[in-house]
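Asker: So for the sequence shown, our numbering puts the first residue at 224; every next one is plus one. The beta-carbon is built from N, C-alpha and C at its ideal position, and this holds for glycine as well. Encoded as structure tokens, here's the structure I'll be asking about.
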Amino acid sequence: MVAIVLSAMAGNAAHVVYRDYEDTLQRRYALVRDMAKVVDEHVHRVIRTASVSLDHVAAMVGESGSLDAVRSIDNWKRLREYAAHLEGGESLWVVSADGKTILESASYPGRQAPIRDYTQALQNGVTLFVGPATADRGEGGHFVFTLARPLRDDAGKALGVVLAVMNVAHLTDFYDLLGFDYNPLIGVYRNTGDVVSRRPNMQDAVGKSIATGPLFQEKLKDAPEGLFLSASPLDRMTRIAAYRTVRDYGLIVLTGIDRDRGLADWRQRSLHTLLETGIGMLAVLLTMAWGLRYLDRERRTHLQLTEARASAARASAERDEISRLAKALREAKEAADTARQTAEAANRSKGQFLAGLSHELRTPLNAIIGFSDLIARESEGPVGSPQYRRFAINVRDSGQHLLELINEILDHAKSEVGALRLEESIVDLEASASFATRLLTPRAERAGVVLAVQVAPEVRFLRADERRLRQIILNLVSNAVKYTPSGGSVTVSAALEDGALAIRVTDTGMGIATEDLGRVMEPFARVETSVNQRIEGTGLGLPLTKRLVELHGGSLSLTSGVGKGTTALVQLPGLRVLLPGQSAPTLNEGRQRGLTIALIEDDPTVRRGVSALLREWGHRVIEAANANEALVILQGPDALDLLFSDIVMPPGMTGVELAHHARRLRPDLPILLASGSPPHAVAADEARISGAAIIAKPYDIGELKNQIIHLCGWRPAGSTTSPTVSRAPRLLVAEDLEINRELLSAIFRDSGYHLDLVADGAAAVQAMTDADYDLVLMDVSMPGMDGLEATRLIRAMPPPRGQVPILALTAGNLPSEIALCEEAGMNGAIGKPYDRSLLLQEVARVIAKASAETV
């Protein structure tokens, strides 16, 4: 037994040491492979940049007509300009076939070329010759190598070469900046084995070749890139190495680290493991010796205890059966109570954790997304280089992507604890499906995927949670677009089948294997293949969608096959569908007459279609093809209820400029502007600031109806005007974080609002006591007096200050958190991170509503 235990300990130690060796070796291989990739990209960029400069010089020679004609002060200036853009280069030369210098960038008229290996470019007939490192020194005394492009006449006769002298130190300095450990070997070689660049010890490698080494004798014959362990033919040091072939130029990149230094950590860990195992084996031997003595003593007492145990067993068997059952029932009840209390505590803790997690993640994202959006829009003025603006856009889009992932994870967590609740209303299914496809149209167009929606008229209206129904369709269409290659299509269809509402999302994508259909419905599960392994995702979309469908009393199923596309089928109870006789929302609910709408659209097809749709809804439409015709209508006698104009029109006046004229001519006329694509976003923001509403093209029918109802539905039947504001609205912002106050100040700058900023709830209450405001933006979580307590104190003030609209600024999105805001007296909530356009639009809407109610 002792031998078995000791053997097992020794074997385990050997196994641990071996596994650690394998893992360490693989990590070192991964390190040198990544190094090789970085060096490969840098070498390719340097050679490509030099090749472009050589092409420019060759073109300059061709324009001159002959080599002798090249030698001029103008061409020398052009040559110096090309040399200035030469990354890692020292000078550019134009040399004749007999070695005579025609022109060189360092001096005029020029010196004799100091390096001669370029003559091989004339002999080999190549278009770009890369020479080895040479002992000849460049302008600064550095080791150099050459790049040469031959010059030939129409008959193919060699006239000379265009020569770039490159500084080897440029490559070495780049590698030093990378900060790799282990003092790595990094070398660049010609396909003949000649050294172009090498660190360390470049001075010992000039004029050397590694053609006889294993890299050129074995590895490159097997594959253009790979890993190996071998001694260098130059310094005989054994290294863990990786190599890559530089595309287009026939160069070989080699990176490596000293095997002894790379495995030093493993040797130290192995020594510790062996020492620990030896100590453990010694402890086992001592314990076994003591145990043998103890067992002998225990054997003698065991006989004495046997009789006592037998007596106890007989006594236990004679206990009263009723007492035993009563005790068992009592213990079962106590266990059930304990389990229930534990589950309730766990649910409370999970809810608190979700609320805290949401706040902690959204608060920094608010600043990241908000400030990057301001930089991308250049709201404080031009940022200089357009690349910086593109960087800001990338930061903003990445922040939005992270926010989507956070929302997806939190929704999944809420579904697990049963915290998801439905807020049902009558929903336009066609509008919800169109919303999802319109939102994903830019992504689909970039992927080359066609989207389509087909909703049967009899299932258009149903009772459901509109936000969750849109989320279901959006998740399924987004998944379909993600896994559908260019040239494919995604179709959303809805119809009644066997008394149930069937919503299908069908794609022509890569499909899913039958055995994997169950796995994709599991949280965090992803089915990776060689085709889709680069597609990002959390693996929560389908499980969350399935849960939302089940909350509606339905089911989600998938039908698919590899290479045959996928169909996602959502089945909802037929009772949710509104029959033709049941009520559905209409545009003119609450109105006594149709509207008079001025429609301005330069595209006649769009104008005819929108005009027909508006007339079908019972409105009178006055059409105009441009802004000039619209001004005639605005200056005419017709009473108007709405100005509906495109933003982008033929050269002349834009829709935003027309809106400004309309504000001057008819101050109270509601304005709706149509924005066709993201480049018009800045103009759209200017329109929102001026009080105009925005709708995106192509029009979503449901959204267009809602916009018209929102802009005109509250107004009395005989009225064509609305109250005007005689002063700039005054806003009070209570936010404890200075960075968020700075962000809000930047967002509202030049928006036409007067802004007062305070840092806590007590200061907000004091500000409301001292001055009149049109709106309060109140952060919920603040030190000292929080936003909820401050809201209660404001609501206790006498009118009109106690009736000022208050919007919550919150990083929490749980229903319980929103309910607390409403209970405190807040009029709504704006979630963090802020969307600038939505924030300005919501503030304008709340102020307009409050103004209308006080008239």
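Go ahead and pull the three-state DSSP assignment for T729.
Answerer: Along the sequence shown, read from residue 1 onward, the residue named residue 729 stands at position 506. It is a strand residue.
Asker: With a threshold of 16 other CB atoms inside 10 Å of the CB of L277, please say whether the residue is buried or exposed.
Answerer: Position 54 of the sequence shown holds residue 277. Buried: at least 16 other Cβ atoms inside 10 Å.
Asker: State the Cα-Cα distance for the pair T561 and E544, rounded to the nearest angstrom.
Answerer: Taking the sequence shown and counting its residues from 1, the one referred to as residue 561 is at position 338. Taking the sequence shown and counting its residues from 1, the one referred to as residue 544 is at position 321. For T561 and E544, the distance between alpha carbons rounds to 26 Å.
Asker: From which residue to which residue does the beta strand (DSSP E) around R242 run?
Answerer: Against the sequence shown, residue 242 aligns to sequence position 19. Run containing R242: none in the beta strand (DSSP E); it sits in the alpha helix (DSSP H), 225 to 287.
Asker: Between L927 and the rest of its own chain, which residues show a CB-CB distance below 7 Å, the 5 nearest in sequence each way excluded?
Answerer: In the sequence shown, the residue the question calls residue 927 occupies position 704. Answer for L927: I918, listed in chain order.
Asker: Q1064 by DSSP, collapsed to three states: which one?
Answerer: Counting from one through the sequence shown, the residue named residue 1064 turns up at place 841. Three-state DSSP puts Q1064 in a helix.
Asker: According to DSSP, simplified to helix, strand and coil, what is R301?
Answerer: Here residue 301 is taken as the residue at index 78 of the sequence shown, counted from 1. In the structure shown, R301 sits in a helix (DSSP, three-state: H, G or I).
Asker: By Cβ distance below 6 Å, which residues in the same chain neighbour S716 in space, the five residues on each side in sequence not counted?
Answerer: Translated into the one-based positions of the sequence shown, residue 716 becomes position 493. The answer, listed in chain order, is Q677, R727.
Asker: Applying the criterion that 16 or more other CB atoms from any shown protein chain within 10 Å of the CB defines a buried residue, is P355 buried or exposed?
Answerer: Taking the sequence shown and counting its residues from 1, one reaches residue 355 at position 132. Buried.
Asker: Run through DSSP, which three-state label would Y611 get?
Answerer: Locating residue 611 in the sequence shown gives position 388, where the first residue counts as 1. Y611 falls in the helix class under three-state DSSP.
Asker: Considering only the alpha carbon of each residue, which of G984, P1028, V1027 lies closest to L1011?
Answerer: On the sequence shown, residue 1011 is found 788 positions in, with the first residue counted as 1. The shortest Cα separation from L1011 among G984, P1028, V1027 belongs to G984.
Asker: Between which two residues does the beta strand (DSSP E) carrying R799 extend?
Answerer: Within the sequence shown, residue 799 is the residue found at index 576, counting from 1. Careful: R799 lies outside any beta strand (DSSP E) and carries neither H nor E.
Asker: Going by beta carbon distance, what residues of the same chain come within less than 8 Å of L719, once the five residues before and after it are set aside?
Answerer: What you label residue 719 is simply residue 496 of the sequence shown in a count that begins at 1. Excluding sequence neighbours, L719 sits near A679, E681, V682, A725, G797, V800.
Asker: List the endpoints of the continuous alpha helix (DSSP H) containing S657.
Answerer: Here residue 657 corresponds to residue number 434 of the sequence shown, with the count starting at 1. Counting along the chain, the alpha helix (DSSP H) containing S657 begins and ends at 652 to 670.
Asker: Could you tell me which residues DSSP puts in a beta bridge with V412?
Answerer: Position 189 of the sequence shown, counted from the start, is the residue given in the question as residue 412. A quick correction: the sequence has Tyr, not Val, at residue 412. Y412 is bridged to V418, I475.
Asker: If we count Cβ pairs, one from each stretch, closer than 8 Å, do we get three or more for the segment 253 to 267 versus the segment 467 to 487?
Answerer: Yes, they touch.
Asker: Measuring only the C-alpha atoms, how far is G1051 from M1001?
Answerer: Along the sequence shown, read from residue 1 onward, the residue named residue 1051 stands at position 828. Along the sequence shown, read from residue 1 onward, the residue named residue 1001 stands at position 778. When rounded, the distance between both Cα atoms is 10 Å.
Asker: Under 8 Å, do L181 and V650 count as touching if we go by C-beta distance?
Answerer: The requested residue 181 is not part of the displayed model; the chain covers only 224 to 1078.
Asker: Taking 7 Å as the limit between beta carbons, can you name the residues of its chain near Y996, skipping five residues before and five after?
Answerer: Start at 1 with the first residue of the sequence shown, and residue 996 comes out as number 773. Closer than 7 Å at Cβ, skipping near neighbours: R953, L954, L955, V1027.
Asker: What residue range is occupied by the uninterrupted alpha helix (DSSP H) comprising N963?
Answerer: Sequence index remark: in the sequence shown, residue 963 carries index 740 (1-based). Unbroken alpha helix (DSSP H) run through N963: 961 to 971.
Asker: In chain order, what residues of the same chain have a beta carbon less than 6 Å from the beta carbon of G410, not counting five sequence neighbours either side?
Answerer: If you number the sequence shown from 1, residue 410 lands on position 187. Cβ neighbours of G410 beyond the five flanking positions: R421, L477.
Asker: Pick out whichever of A1034, M1008, L229 has its Cα sitting closest to the Cα of L505.
Answerer: Position 282 of the sequence shown holds residue 505. Residue L229 is the option with its Cα nearest to L505.
Asker: Taking C-beta to C-beta, are A845 and T877 nearer than 8 Å?
Answerer: Residue numbering aside, residue 845 sits at position 622 when the sequence shown is read from its first letter. Residue numbering aside, residue 877 sits at position 654 when the sequence shown is read from its first letter. Reading off the sequence shown, one finds Ile at residue 845, where the question assumed Ala. No, these two residues do not count as a Cβ contact at 8 Å.
Asker: Output the boundary residues of the beta strand (DSSP E) element that contains T369.
Answerer: Taking the first residue of the sequence shown as position 1, residue 369 is located at position 146. Segment 366 to 375, the beta strand (DSSP E) holding T369.
Asker: Is it right to say N617 is buried, meaning 16 or more other beta carbons lie within 10 angstroms of its own, or is it exposed?
Answerer: By 1-based counting over the sequence shown, the position of residue 617 is 394. N617 is exposed by the Cβ-count criterion.
Asker: When DSSP labels each residue in this structure, what does G383 get in the three-state scheme?
Answerer: Residue 383 sits at position 160 when you count from the first residue of the sequence shown. Strand, per DSSP.
Asker: Taking the alpha-carbon of T664 as reference, which of R268, D291, L674 has the nearest alpha-carbon?
Answerer: By one-based count along the sequence shown, residue 664 stands at place 441. Of the listed residues, the one whose Cα sits closest to T664 is L674.
Asker: Bridge partners for S783 per DSSP, in chain order?
Answerer: Against the sequence shown, residue 783 aligns to sequence position 560. Paired residue(s): T789.
Asker: Mapping DSSP to helix, strand and coil, what is S295?
Answerer: Residue numbering aside, residue 295 sits at position 72 when the sequence shown is read from its first letter. Three-state result, S295: coil.
Asker: Classify L1088 as helix, strand or coil using the three-state DSSP reduction.
Answerer: For the chain, the structure presents residues 224 to 1078; residue 1088 sits outside this window and is missing.
Asker: Below 8 Å between beta carbons: does that hold for A306 and S328?
Answerer: Translated into the one-based positions of the sequence shown, residue 306 becomes position 83. Translated into the one-based positions of the sequence shown, residue 328 becomes position 105. It is a contact, given that the beta carbons lie within the stated cut-off.
Asker: G1079 and R1018: beta carbons closer than 8 Å?
Answerer: Here the chain covers residues 224 to 1078 and nothing more, so residue 1079 does not appear.
Asker: Which residues share a DSSP beta bridge with N390?
Answerer: Taking the first residue of the sequence shown as position 1, residue 390 is located at position 167. In DSSP, N390 forms a bridge with V367.
Asker: Name the residue from A821, R666, N851 whose alpha carbon lies nearest to the alpha carbon of T838.
Answerer: As a position in the sequence shown, residue 838 is number 615, starting the count at 1. In the sequence under discussion, the amino acid at residue 838 is Arg, which differs from the Thr named in the question. Closest by alpha carbon: A821.
Asker: Report the option in Q426, I325, R301 whose CA atom is closest to the CA atom of T357.
Answerer: Translated into positions along the sequence shown, residue 357 becomes position 134. Here the closest residue by C-alpha is Q426.
Asker: Using a threshold of 8 Å, state whether the C-beta atoms of E647 and A687 are closer than that.
Answerer: Start at 1 with the first residue of the sequence shown, and residue 647 comes out as number 424. Start at 1 with the first residue of the sequence shown, and residue 687 comes out as number 464. Contact: yes.
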